[in-house]
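Engineer: If you read the sequence shown in my numbering, its first letter stands for residue 185, the second for the next number, and so on.
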Amino acid sequence: MMKFLMMILFMIPLCFKKQMFWLVQMMLFMMMYLFMNLTVMLNNFCNLSYMYSCDMISFGLIMLSIWICSLMMMASENLYKINFYIEFFMFNLIFLLLMLYLTFSVMNLFMFYLFFEGSLIPTLMLIVGWGYQPERIQAGMYLLFYTLFASLPLLMGIFYVFIESNNIMIYFMKFLNFDYYLLYLSMIMAFLVKMPMYFVHLWLPKAHVEAPVSGSMILAGIMLKLGGYGLMRLMIMMEKVSMSFNFIWVILSLVGGFYISLKCFCQIDIKSMIAYSSVAHMSLVIGGIMTMNYWGYLGSYILMIGHGLCSSGMFCLANINYERLHSRSMFINKGMMNFMPSMSLWWFLLMSSNMAAPPSLNLLGEISLINSLISWSMMSMIMLMLISFFSAGYSLYLYSYTQHGKYFIGIYSFYMGVSREYLLLMLHWLPLNIMIMKVDYVMLWL
């Protein structure tokens, strides 16, 4: 694992050289290829070196991090064209990848907390430094305070675990069993805010609306998955108390997911709508993890990978329109089929993946989660039916509203999609729909 860490570190000096934008991007793609060839055991930690290790959960999420970071550079070509602090942008991106890589591969809980919070700083810099509107300062403050207020109890909880058991290694977590309710609450609250769970989700739409395309891609693609990863790792040591209290989070997330799905129909801002759809999908992930059974963990993991690719691609589509129309309003972004007929195909493909149509990974994830939640309680079937139905509803609503109908009469300049944009969308959609063929690896990881 250290070899990839060194590779990321040695890419930092390249960021400050002239005309290195495409080289750094190519190196990220090359790193993705090298990481894919890493041998990973299915059910235990491997490649253990200097307390950095990799199992099946972290392998998939590190791979997703590298992939999304490479695509972020591809999506941000406009910054390169106008040379808008491009060196600092690349440095920010590589530093963010470094933090994410360390978060997913580190074995020590305190180090995990350190890197988990460290990934917040470059994200905040992306939003505040490269955002579009002056309101981005407010969005940055929301992001910072929501996350930090919830994560201080996590730090206190980690210290308490260390004092009690004299050990905070992740692979020893399964041998611990704490049944303190306050510890349970303090340990999981940081991850529920990060997911985000309904009631603590208000920072997410604000951050997405104000962020540049790269900020939105990393937020939707990876940052939300940090919460799920943390829950999967830490639930093991609090099984007893989790069994008593998890029903609260399942009910809250399912009812919240249904309400957020309805709220998607009220949105007039495209990015805001995609952000709310992320909250609805993540509510299913929270529900699946909280059931604490095999299908729940499996479905949550698959849906996290699938949603990371799908929502990132949808933000790319929203940005492609924004670069041409300079508006995110659905009243202006309509009738796009008249201008970009070939882009309409990609809108449809990504929207169909978002509503969990086959052969996307989202389908497999949602089927596993439905299996898990219904085996936990038959009553959850009602909410799951509503969430699945409205998920398809708002995806089709967004597609039909933006692509069909009469175009806005005030459009004054326009140009077709370029090959870079089609490649970018294909690199989101292809892994999302091809990976279902090799899902046997994922199905065996527990």
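Where a beta carbon is used, it is the ideal one built from N, C-alpha and C, also for glycine. These figures come from a predicted structure and were not determined experimentally.
1. Measuring alpha carbon to alpha carbon, tell me which residue in 555, 385, 562 and 260 is nearest residue 477.
2. So, using beta-carbon positions, are residue 675 and residue 326 closer together than 8 Å?
3. Residue 598 to residue 523, Cα distance in whole Å?
4. Just to confirm my understanding: we take residue 500, look at its own chain, exclude 5 residues before and 5 after, and list those with CB closer than 8 Å. What are they?
5. Tell me the rounded alpha-carbon separation between residue 192 and residue 199.
6. Taking only three categories from DSSP, how would you classify residue 260?
7. Which value, in whole angstroms, describes the spacing of the CA atoms of residue 262 and residue 504?
8. Could you give the residue range of the beta strand (DSSP E) that holds residue 231?
9. Quick one: what's got a C-beta closer than 8 Å to residue 479's C-beta in the same chain, skipping five residues either side?
10. Fully enclosed by the stretch 334-392, which beta strand (DSSP E) runs are 3 residues long or longer?
11. Just reading off the alpha helix (DSSP H) that residue 285 is part of, what are its end residues?
12. Using only the alpha-carbon positions, how far apart do residue 361 and residue 371 sit?
13. Whole-angstrom Cβ separation of residue 517 and residue 579, contact assumed at under 8 Å?
14. Relative to the C-alpha of residue 464, which residue among 490, 441 and 300 is closest?
15. Which residues mark the beginning and the end of the beta strand (DSSP E) in which residue 413 is found?
16. In or out: residue 317 buried (at least 16 other Cβ within 10 Å) or exposed?
17. With respect to the beta strand (DSSP E) encompassing residue 678, which residues constitute its N-terminal and C-terminal limits?
18. Quick check on this structure: which residue in 245, 257 and 380 has the alpha carbon closest to the alpha carbon of residue 283?
19. Only counting the same chain, and skipping five residues up and downstream in sequence, which positions put a Cβ closer than 7 Å to that of residue 451?
20. Should residue 197 go down as buried or exposed, given a rule of 16 or more other Cβ atoms within 10 Å for buried?
21. How many Å lie between residue 249 and residue 617 at the Cα?
Structural biologist: Let me spell this out:
1. On the sequence shown, residue 477 is found 293 positions in, with the first residue counted as 1. Looking at the Cα atoms, 555 is the closest of the given residues.
2. Within the shown structure, residues of the chain are numbered from 185 to 630, placing residue 675 beyond reach of any answer.
3. For the purposes of this step, residue 598 is identified with residue 414 of the sequence shown, where counting begins at 1. For the purposes of this step, residue 523 is identified with residue 339 of the sequence shown, where counting begins at 1. Going from the Cα of residue 598 to the Cα of residue 523 covers about 8 Å.
4. Indexing the sequence shown from 1 puts residue 500 at position 316. Taken in chain order, the residues that qualify are 255, 259, 397, 401, 605, 608, 609 and 612.
5. For the purposes of this step, residue 192 is taken as residue 8 along the sequence shown, with counting starting at 1. For the purposes of this step, residue 199 is taken as residue 15 along the sequence shown, with counting starting at 1. Computed Cα separation, rounded: 11 Å.
6. By one-based count along the sequence shown, residue 260 stands at place 76. In this structure, residue 260 counts as coil in the three-state DSSP scheme.
7. As a position in the sequence shown, residue 262 is number 78, starting the count at 1. As a position in the sequence shown, residue 504 is number 320, starting the count at 1. Residue 262 and residue 504: Cα-Cα distance of roughly 11 Å.
8. On the sequence shown, residue 231 is found 47 positions in, with the first residue counted as 1. It spans 230-233 - the beta strand (DSSP E) in which residue 231 sits, taken as one unbroken run.
9. By one-based count along the sequence shown, residue 479 stands at place 295. Cβ within range, chain order: 472, 552, 553, 555, 556 and 559.
10. none
11. The sequence position of residue 285 within the sequence shown is 101, counting from 1. Element bounds for residue 285: 270-289.
12. Along the sequence shown, read from residue 1 onward, the residue named residue 361 stands at position 177. Along the sequence shown, read from residue 1 onward, the residue named residue 371 stands at position 187. Whole-angstrom Cα-Cα distance: 13 Å.
13. In the sequence shown, the residue the question calls residue 517 occupies position 333. In the sequence shown, the residue the question calls residue 579 occupies position 395. Contact flag wrong, Cβ pair sits at about 16 Å.
14. Residue numbering aside, residue 464 sits at position 280 when the sequence shown is read from its first letter. If we check each option's Cα against that of residue 464, 441 comes out closest.
15. Counting from 1 along the sequence shown, the entry for residue 413 is found at position 229. Premise fails: residue 413 lies in the alpha helix (DSSP H), 408-418, not in any beta strand (DSSP E).
16. In the sequence shown, residue 317 corresponds to position 133, counting from 1. It is exposed - the Cβ of residue 317 has fewer than 16 other Cβ atoms within 10 Å.
17. Nothing about residue 678 can be read from this structure; the chain reaches only from 185 to 630.
18. Within the sequence shown, the letter at position 99 stands for residue 283. The shortest C-alpha separation from residue 283 is found at 245.
19. In the sequence shown, the residue the question calls residue 451 occupies position 267. Counting only Cβ-Cβ distances below 7 Å, and skipping sequence neighbours, we find 457 and 460.
20. Walking along the sequence shown from the start, residue 197 turns up at place 13. Looking at its Cβ environment, which holds fewer than 16 other Cβ atoms inside 10 Å, residue 197 is exposed.
21. Within the sequence shown, numbered from 1, the residue matching residue 249 stands at position 65. Within the sequence shown, numbered from 1, the residue matching residue 617 stands at position 433. So the two alpha carbons sit approximately 18 Å from each other.
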